[in-house]
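Contents: one structure, followed by commentary.
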Amino acid sequence: MDFTTFEAAHFLAILPEIVLIAVAALVMFMDVVQKGESRRMMGYVTAIGLMAAMFIGIGFSLPMGDPKLLFGGTIRHDMLGFVFRMMFLVAGAITALITMDVKGLGKRGDFYAVLIAAVIGMNFMAIASDLIMLYLAIETTSISAYALTGFLLNSDRSAESGLKYFLFGAVTSTVMLFGFSLLYGFTGHTNLYGIAEALGAGNVPFVTLIGIAVMILVGIGFKISAFPFHFWTPDVYEGAPTPITAFVSTASKTAGFIVLIRVFIIALSTNSGVAGWLPLMMAIAAVTTTIGNLVALAQTNIKRLLAYSSIAHAGYTLMAFVAFESQPEQSVSAATFYLMTYIATNLLAFAIIIVFARAAGSDEIKDYAGMSRRSPYLAHMMLVAFLSLAGIPPLAGFLGKFFIFKVVVDAGLYWLAIVGAINALVALYYYLIVMKVVYVDPAPEGASKISITRPYQIAMVALTISVIVLGTAATPWYNWAIAGASSLF
Amino acid sequence: MIPLEWYLILSSVLFCVGLYGVLARRNAIAIMMCLELMMTSITINLVAFWRYGNVANLSGQVFAVIVFAVAAAEATVGLALAISIYRNRDTVVANDLNLLKW
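Protein sequences appear in the order of chains A and B. Here the first sequence stands for residues 3 to 491, numbered as in our numbering. Here the second sequence stands for residues 3 to 104, numbered as in our numbering.
Next up, the structure:
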């Protein structure tokens with residue numbers, strides 16, 4: 003490792019993140035100078051800035067040729083990281099759009115700036131290949147997310163969920179960090195590839211390694227809200243401002259999965275003879291999916307319902323990793339594609355919830371009665387989102403689940419595929435119950451039409467199209483996922 | 003020189019005391035103090051591993067510096083959240099924060 007030579011190419015690789023810092027500074031500046039109604043424009047500026055960073059990334063930072071370790075080995079410039087970064091940028095842009103008309107948030111420049119900081123942290127989580135960089139990136143994301151969750155200082159629920167998120171997150175990430183410190187101590191490396199090499203030599207006892215793997219799994223399990231670290235999820239999702247719920251449940255969870263890929267598949271991989279975590283992961287995947295879906299059946303609040311459904315989705319994604327030993331590339335690409343579909347679908351669902359809550363002032367499922375009469379478009383988009391979450395063809399969620407189950411079956415884990423299939427049926431039930439309330443139940447007397455403002459129209463139409471495109475014309479996107487997965491090995 | 007094991011025992015004990023405190027205490031401020039204990043144990047770990055390993059490779063030291071910088075940032079946000087709750091509700095005891103329950 004040579005720390006003294008930074009070439010221009012190194013900075014070109016992180017150009018989107020450099021652009022994001024400039025956008026954050028611009029938004030902070032606008033926060034000072036803008037007055038009145040035009041303050042809302044900061045949302046557009048954030049969204050456009052994030053999309054601009056994405057196109058600049060595609061133009062200048064697209065990884066060419068073999069993956070390279072840059073900045074003294076702290077980041078790895080490969081296709082997988084690139085795909086995930088693009089996903090975070092899109093998720094951030096959509097989050098900025100669906101924040102614009104939320105009371106108490108839409109005109110706060112500092113909110114958008116912290117949101118951008120969280121996206122920067124996630125981008126570095128996607129490319130970090132060094133324990134130090136990884137920890138720094140994880141905490142950049144987490145600390146921003148704690149602040150965003152507790153952003154509505156006058157709302158008891160927001161502040162309470164922020165504190166809960168903070169306490170749970172800080173404890174689990176500290177346990178993970180203890181695992182990192184032991185990993186460094188036993189191997190003498192902080193670089194993930196150095197660690198893999200040192201572990202491959204086989205000087206570290208198996209029991210110690212499993213202990214370290216469990217400690218790291220505590221931190222990552224919290225980020226992806228896998229059982230048994232899912233207890234914070236419903237509370238935080240319900241109490242947080244809804245755009246932040248959307249952001250945490252999609253982008254932050256996806257970021258957890260890329261860390262899982264980097265740490266477990268590279269550093270603690272089978273090549274170094276330590277795949278002892280696979281049975282553990284198998285059990286966690288099965289239990290997470292089942293718990294998420296079963297508890298979701300009993301929910302009366304739509305945000306809590308989606309919280310438990312997101313726990314179940316984390317379980318499905320974990321199932322792909324379980325098949326990692328026999329077919330590494332397919333399992334990573336299936337997980338990546340599933341996360342793409344999940345981000346688009348879940349953001350759409352939360353955008354609809356925000357629009358409805360603005361009109362009706364409620365997140366209770368029973369208040370959704372007759373929504374199809376109050377706003378047919380909103381109801382149709384909700385149908386698309388919920389059927390995609392349930393995994394009905396031809397929508398995105400179906401293909402995502404299809405690839406996951408295919409990998410699981412190919413690996414010979416039939417029981418896991420059956421658990422997944424039964425869970426998909428249970429999930430279909432509670433999604434359809436909500437759709438029944440929306441379409442069949444009569445609207446309350448004197449319920450007004452629901453108006454959808456411009457930023458929400460843009461966000462929801464874009465998301466609806468992408469949910470349908472991901473489900474029907476999936477080839478280019480799935481090829482991205484495959485290119486990413488093959489660049490990892 | 004003191005053997006490496008002693009440092010590791012010290013850091014493990016500190017870590018376990020911190021973890022016990024986090025799980026047993028009900029006051030958010032006390033939980034944060036226990037978190038700091040856990041962070042300290044990690045710093046001891048890292049510096050000890052660096053000193054007894056390859057001294058020429060500074061990554062252990064860099065890691066330790068980053069860890070306490072992050073710990074400070076984390077404590078700042080946590081205390082800010084605790085203060086905002088205290089202003090509204092006059093309590094930071096976890097049992098009283100029960101608006102959100104499953």
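No residue lacks a Cβ here, since even glycine has one placed at the ideal position from N, Cα and C.
*By Cβ distance below 6 Å, which residues in the same chain neighbour W104(B) in space, the five residues on each side in sequence not counted?*
The residue given as residue 104(B) occupies position 102 in the second sequence. In this prediction, W104(B) has a pLDDT of 44, which is less than 50 and means its spatial position is unreliable; what the coordinates show is noted afterwards. Around W104(B), the same chain offers no residue with a beta carbon nearer than 6 Å, after the five sequence neighbours per side are excluded.
*Please list the partners that R91(B) has in chain A, where partner means a Cβ-to-Cβ separation under 7 Å.*
The residue given as residue 91(B) occupies position 89 in the second sequence. Against chain A, a Cβ distance below 7 Å from R91(B) picks out D158.
_S271(A) versus V265(A) - alpha carbon distance_ = Mapped onto the first sequence, residue 271(A) falls at position 269. Mapped onto the first sequence, residue 265(A) falls at position 263. Distance between the alpha carbons of S271(A) and V265(A) is about 8 Å.
*Partner residues on chain B for I145(A), Cβ-Cβ distance less than 7 Å*: Residue 145(A) sits at position 143 when you count from the first residue of the first sequence. Against I145(A), the close residues of chain B are A75, E76 and V79, in the order they occur along the chain (beta-carbon pairs closer than 7 Å).
*Bridge-paired residues (DSSP) for L72(A)*: In the first sequence, counting from the first residue as 1, residue 72(A) sits at position 70. Answer is I77(A).
*Taking Cβ to Cβ, would you say L48(B) is nearer than 7 Å to A75(B)?*
As a position in the second sequence, residue 48(B) is number 46, starting the count at 1. As a position in the second sequence, residue 75(B) is number 73, starting the count at 1. Going by beta carbons, L48(B) and A75(B) fall outside the 7 Å limit.
_Once the 5 residues before and after M3(A) are set aside, which same chain residues still bring their CB inside 8 Å of it?_
Taking the first sequence and counting its residues from 1, the one referred to as residue 3(A) is at position 1. Unreliable positioning characterises M3(A) in this predicted model, as indicated by a pLDDT of 47, which lies under 50. The coordinate reading is nonetheless provided below. Taken in chain order, the residues that qualify are G74, G75 and N193.
*Quick one: using the 10 Å Cβ neighbour count with 16 as the cut-off for buried, is W417(A) buried or exposed?*
Numbered from its first residue, the first sequence carries residue 417(A) at position 415. It counts as exposed.
*Buried versus exposed, by CB contacts within 10 Å (16 or more), L21(B)*: Walking along the second sequence from the start, residue 21(B) turns up at place 19. With 16 or more Cβ atoms within 10 Å of its Cβ, L21(B) is classed as buried.
*Compare the C-alpha of I122(A) against each of M66(A), A253(A), P236(A) and F259(A) and name the closest.*
Your numbering for residue 122(A) matches position 120 in the first sequence. Closest by alpha carbon: A253(A).
*Does I134(A) come within less than 7 Å of chain B when only Cβ atoms are used?*
Taking the first residue of the first sequence as 1, we reach residue 134(A) at position 132. True, the Cβ-Cβ gap to chain B drops below 7 Å.
*Could you work out which residues of chain A lie near G23(B), taking near to mean beta carbons separated by less than 7 Å?*
Residue mapping note: residue 23(B) aligns to position 21 of the second sequence, counting from 1. Within 7 Å Cβ-Cβ: nothing; G23(B) doesn't reach chain A, min ~10 Å.
*On a CA-only basis, which of M81(A), I100(A) and A54(A) is nearest I454(A)? Give me that one, please.*
Taking the first residue of the first sequence as 1, we reach residue 454(A) at position 452. Measuring from the Cα of I454(A), the nearest candidate turns out to be I100(A).
*Proximal residues of chain B, C-beta to C-beta of Y137(A) below 9 Å*: Here residue 137(A) refers to the residue found at position 135 when the first sequence is read from its first residue. Ordered by position in chain B, the residues that pass the 9 Å Cβ test against Y137(A) are F65, I68, V69 and V72.
*Kindly say whether L37(B), judged by its beta-carbon, lies nearer than 7 Å to any beta-carbon of chain A.*
Working through the second sequence from its first residue, we reach residue 37(B) at position 35. At least one chain A Cβ lies under 7 Å of L37(B).
*asked:* Quick check on DSSP: helix, strand or coil for D132(A)?
replied: In the first sequence, counting from the first residue as 1, residue 132(A) sits at position 130. In the structure shown, D132(A) falls within a strand segment according to DSSP collapsed to helix, strand and coil.
_Is M3(B) close to chain A? Criterion is C-beta to C-beta, closer than 7 Å._
Numbered from 1 along the second sequence, position 1 holds the residue referred to as residue 3(B). By this cut-off, M3(B) is not an interface position.
*In terms of DSSP beta bridges, what is W95(B) paired with?*
Locating residue 95(B) in the second sequence gives position 93, counting from the first residue. Here the sequence assigns Val to residue 95(B), which means Trp is not the residue at that position. According to DSSP, which records beta bridges pairwise, V95(B) is partnered with N29(B).
*So which of Y310(A), F180(A), Q301(A) and T210(A) has the shortest CA-CA distance to F233(A)?*
The residue you call residue 233(A) lines up with position 231 of the first sequence. Put simply, of Y310(A), F180(A), Q301(A) and T210(A) the residue whose alpha carbon is nearest the alpha carbon of F233(A) is Y310(A).
*Is the beta carbon of T48(A) sitting closer than 7 Å to the one on V29(A)?*
On the first sequence, residue 48(A) is found 46 positions in, with the first residue counted as 1. On the first sequence, residue 29(A) is found 27 positions in, with the first residue counted as 1. In this structure, the beta-carbon distance from T48(A) to V29(A) falls below 7 Å.
*Which chain E residues sit within Cβ distance under 9 Å of L155(A)?*
Although the question refers to chain E, the structure presented lacks it and instead comprises the protein chains A and B.
_Using 7 Å as the threshold, is the C-beta distance between G45(A) and M102(A) below it?_
On the first sequence, residue 45(A) is found 43 positions in, with the first residue counted as 1. On the first sequence, residue 102(A) is found 100 positions in, with the first residue counted as 1. In this structure, M102(A) lies closer than 7 Å to G45(A) by Cβ.
*Can you name the start and end residues of the alpha helix (DSSP H) that Q332(A) belongs to?*
Position 330 of the first sequence, counted from the start, is the residue given in the question as residue 332(A). Per DSSP, Q332(A) belongs to the alpha helix (DSSP H) from P330 to A362.
*Would you say A149(A) and V116(A) are within 7 Å of each other, going by their C-beta atoms?*
Within the first sequence, residue 149(A) is the residue found at index 147, counting from 1. Within the first sequence, residue 116(A) is the residue found at index 114, counting from 1. In this structure, V116(A) lies closer than 7 Å to A149(A) by Cβ.
*Express the C-alpha separation of S14(B) and A50(B) in angstroms, rounding to a whole number.*
In the second sequence, the residue the question calls residue 50(B) occupies position 48. In the second sequence, the residue the question calls residue 14(B) occupies position 12. Approximately 12 Å between the Cα atoms of the pair.
_Ordered list of alpha helix (DSSP H) runs contained in the stretch 248-301 of chain A, each at least 4 residues_ = Runs found: 255-262 and 279-298.
_For a test of the three-state rule: what should DSSP assign to E162(A), helix, strand or coil?_
To locate residue 162(A), count along the first sequence from 1; it is residue 160. E162(A): helix per DSSP, three-state reduction.
*asked:* Quick check: what's the CA-CA separation for N425(A) versus P69(A)?
replied: Numbered from 1 along the first sequence, position 423 holds the residue referred to as residue 425(A). Numbered from 1 along the first sequence, position 67 holds the residue referred to as residue 69(A). Between the alpha carbons of N425(A) and P69(A) lies a gap of roughly 38 Å.
*For A18(A), does the count of other Cβ atoms within 10 angstroms reach 16, so buried, or fall short, so exposed?*
Here residue 18(A) corresponds to residue number 16 of the first sequence, with the count starting at 1. Reading off the sequence shown, one finds Pro at residue 18(A), where the question assumed Ala. Classification for P18(A): buried.
*Candidates I226(A), P207(A) and A242(A): which alpha carbon is nearest R159(A)'s?*
As a position in the first sequence, residue 159(A) is number 157, starting the count at 1. The residue among I226(A), P207(A) and A242(A) with its C-alpha nearest the C-alpha of R159(A) is A242(A).
*Using alpha carbons as the reference points, say which of V469(A), K403(A), S163(A) and I406(A) lies closest to T347(A).*
One-based indexing of the first sequence puts residue 347(A) at position 345. Considering only alpha carbons, the answer is V469(A).
*For a contact meaning CB atoms closer than 7 Å, what does L320(A) contact in chain B?*
Counting from one through the first sequence, the residue named residue 320(A) turns up at place 318. Think of a sphere of 7 Å around the beta carbon of L320(A): no beta carbon from chain B falls inside it, the nearest being about 22 Å out.
*Sort out for me which residues DSSP pairs N193(A) with in a bridge.*
Sequence index remark: in the first sequence, residue 193(A) carries index 191 (1-based). N193(A) is bridged to D132(A).
_Near-chain B residues of the stretch 175-190 of chain A (beta-carbon distance less than 9 Å), N- to C-terminal order_ = Hits within the stretch, in order: S175, T176, V177, L179, F180, F182, S183, L184, Y186, G187, F188 and G190.
*Just confirm the distance between the C-beta atoms of F224(A) and T174(A), as a whole number of angstroms; I'd bet it's less than 8 Å.*
In the first sequence, counting from the first residue as 1, residue 224(A) sits at position 222. In the first sequence, counting from the first residue as 1, residue 174(A) sits at position 172. That belief holds up - the Cβ atoms of F224(A) and T174(A) are roughly 4 Å apart, short of 8 Å.
*Return yes when the Cβ of S86(B) is within less than 7 Å of the Cβ of L154(A), no when it is not.*
To locate residue 154(A), count along the first sequence from 1; it is residue 152. To locate residue 86(B), count along the second sequence from 1; it is residue 84. L154(A) is not a Cβ neighbour of S86(B), given a cutoff of 7 Å.
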